[in-house]
Amino acid sequence: MKKILIIHTWGLGDWMMFSPVLRGLLAQAPEAEIDVLLTQASLQGLVEMYPQTKVRGRLSRKLNFLNLNNLNLIRQMRSQKYDYLIFTGGMTSWKCDLLSIFFRAREKVALLSGSFQHSLSLTLVDQFNQEQSQYKNNLKILKLLNLPEDDRVYLPRAKRDPPTPFSVLIHPGGDRGNPYKRWPLENYLALARELRLRGSQVGIILGPEEKDLSSLIPENLGVKLHQNLSFSELVVVLGQYQTLVCNDSGLSHLAAGLGLVICDLFGPTDAKLYLPPGTQHRAVMRPQALSCQPCYNKNPKSFGCSAMDCMKGITVEQVLDVVADIQK
């Protein structure tokens, strides 16, 4: 196992959910060269934190095989010969199968998902189970590679000083394309005020998806506002806090990899699938679940509603109690 190509077409959280596979690969072959193709350029800083790992290019997000960028990148990569080609869990099966034809590898590894359940060129396959977390699904890749099964989040090269005691970082945003996963901002502001009254150091972090929220945070709130961060700056800021309170988002998985304890708020998505692994992390949901929850499981391409009762039903007091329990 000397040369490996990984194709990752998803986002930050999905990469972190794949990270146990990287731990297994590097433990088995610490000198292996790992090339990665991405669809999101913003992940390059994260990916290259891993030893011997290099981003070699970016595919277009929709994987259009007539896209000139895709064709040029595939042509450049054709000269490379790999021991393993690995598709991260959750990629549509027919795309895995078609893409794998264009790359030279001794073994081609993927989890089959979607309606296409046959393989023309993949050599090591298993089924992607939609009712299991991506962490659990990615253990199947470890099994296909005959590597020890360990679902702990893996994030190397991230030095962290001891965080400030009783410190809480709040991330009120998330994917702008899925606003239904967001707890109301006024609730986060009320949470920040009460946490400060209870003696916690509180910060609020905003990324590119939350630029619209910046002007809505009062200057007299008395919290530290972190925004416009590079990836390396983001890692440093996360490392300063003990606890992250957030909506279901990729940031929760990155923070878990850095050792923060996560208080994750869930409404339309399923905590069993998306809460980072580890008994220290907590999922918070409305006290009485709605019959429609979690609607994301039923239709990932069209979920959520304007009422957002599943998120609005989570109270500030609930979250305060969970944070207090975490920080005992």
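Throughout the sequence shown, residue numbering follows our numbering, covering 181 to 508 in sequence.
From the three backbone atoms N, C-alpha and C, an ideal C-beta is built for every residue, glycine too.
query, result
"Cα-Cα, which of G430, P231, D306 and V348 is closest to G379?", "V348"
"Rounded to whole angstroms, what is the Cα-Cα separation between L291 and P343?", "38 Å"
"Just mark D505 as buried or exposed, buried being the case when its beta carbon has 16 or more other beta carbons within 10 Å.", "exposed"
"Taking the alpha-carbon positions, what's the R286 to S199 distance?", "22 Å"
"Which ranges would you report for the alpha helix (DSSP H) in the stretch 458-492 if only whole runs of at least 4 residues count?", "475-478 and 489-492"
"Can you tell me where the alpha helix (DSSP H) holding K404 begins and where it ends?", "Note, K404: premise wrong, no alpha helix (DSSP H); beta strand (DSSP E) at K404 to H406."
"Unbroken alpha helix (DSSP H) runs of length 4 or more, entirely within the stretch 222-264: which are they?", "224-227 and 248-257"
"Under 8 Å, do Y262 and L185 count as touching if we go by C-beta distance?", "yes"
"With H, G and I counted as helix, E and B as strand and the rest as coil, what does DSSP make of Q314?", "helix"
"Could you give the distance in angstroms between the alpha-carbon of Y476 and the alpha-carbon of L453?", "11 Å"
"Comparing alpha-carbon positions, which option in E389, L371 and L401 lies nearest L431?", "E389"
"I'd like to confirm the pairing. Which residues does DSSP put opposite D215 in its beta bridges?", "L185 and K234"
"Buried or exposed, going by whether 16 or more other CB atoms sit within 10 Å of the CB of Q256?", "exposed"
"Beta-carbon within less than 6 Å of Q381's beta-carbon, same chain only, minus the 5 sequence neighbours each way: which residues are those?", "T344 and S347"
"With a 10 Å radius around its C-beta and 16 neighbouring C-beta atoms as the bar for buried, classify C276 as buried or exposed.", "buried"
"Looking at the structure shown, is I281 part of a helix, part of a strand, or coil, going by DSSP?", "helix"
"Could you tell me the distance, in whole angstroms, from the CA atom of R258 to the CA atom of L251?", "11 Å"
"From which residue to which residue does the beta strand (DSSP E) around D355 run?", "From DSSP, D355 is part of no beta strand (DSSP E); its letter is neither H nor E."
"Leaving aside the five residues before and after Y368 along the sequence, list all residues of the same chain whose C-beta is less than 7 Å from its C-beta, in chain order.", "I350 and P352"
"Considering only the beta carbon of each residue, do V227 and T233 sit closer than 8 Å?", "yes"
"Just to check my reading of the structure: L500 and L365 have Cβ atoms closer than 8 Å, yes? What is that Cβ distance to the nearest angstrom?", "Between L365 and L500 the Cβ distance is about 17 Å, and since that is not below 8 Å, they are no contact."
"Excluding the five sequence neighbours on either side, which residues of its own chain have a C-beta within less than 7 Å of the C-beta of P474, listed in chain order?", "P448, T449 and D450"
"With DSSP run on the structure shown, which of helix, strand or coil describes N309?", "coil"
"Closest by CA to L405, which one among G387, L205, K316 and P231?", "G387"
"Does the beta-carbon of G458 have 16 or more other beta-carbons within 10 angstroms, so that it is buried, or is it exposed?", "exposed"
"From this set, S273, S301 and T268, which residue's C-alpha is nearest F282's C-alpha?", "S301"
"Hey, out of V415, P328, S429 and R340, whose CA is closest to R356's CA?", "S429"
"In the DSSP output, what is I350 paired with across the bridge?", "I384 and V425"
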